[in-house]
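Visitor: Under the working numbering, think of the first position of the sequence shown as 631, with each following residue one higher.
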Amino acid sequence: MTIKSTELRSRVEPDLKESAAEVLAQCGLTLSDAIRLFLRQVVLHNGLPFEVKVPTAETRAAMEEARSITRARFGSGQELIDDLEKNTRSRKAR
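#1: Alpha carbon to alpha carbon, what distance is there between T718 and T660?
#2: By how many angstroms is the C-alpha of K683 removed from the C-alpha of S698?
#3: For A702, name the three-state secondary structure that DSSP assigns.
#4: In whole angstroms, give me the CA-to-CA distance for N676 and E643.
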């Protein structure tokens, strides 16, 4: 048996970690077991063990819109409201 001596760290949302741990426990696996299994499958398949598709133009546009929304910063609540109202008016005009 190989000695497991390398530590792997990853940041994920707490609720994702908890939900995944619950599902994996039902399968008799820990998070560490599942990560190890995933990495072995990556090596076996010489890539991701599932299909990853290139997003469509519509999906890419939605992703960009989401990114721009999260980057918005406002100095006050009123600035936020003014921006929301401006965007609402411009969408109605389309």
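Note that the Cβ used here is the ideal one computed from N, Cα and C, for glycine as well.
Here the structure is a predicted model, which means the values were calculated and not measured.
Guide: Reading off the structure:
#1: The alpha-carbon atoms of T660 and T718 are separated by roughly 47 Å.
#2: K683 has its alpha-carbon roughly 23 Å from the corresponding atom of S698.
#3: It is coil, neither helix nor strand.
#4: Rounded to the nearest whole angstrom, the C-alpha separation of N676 and E643 is 28 Å.
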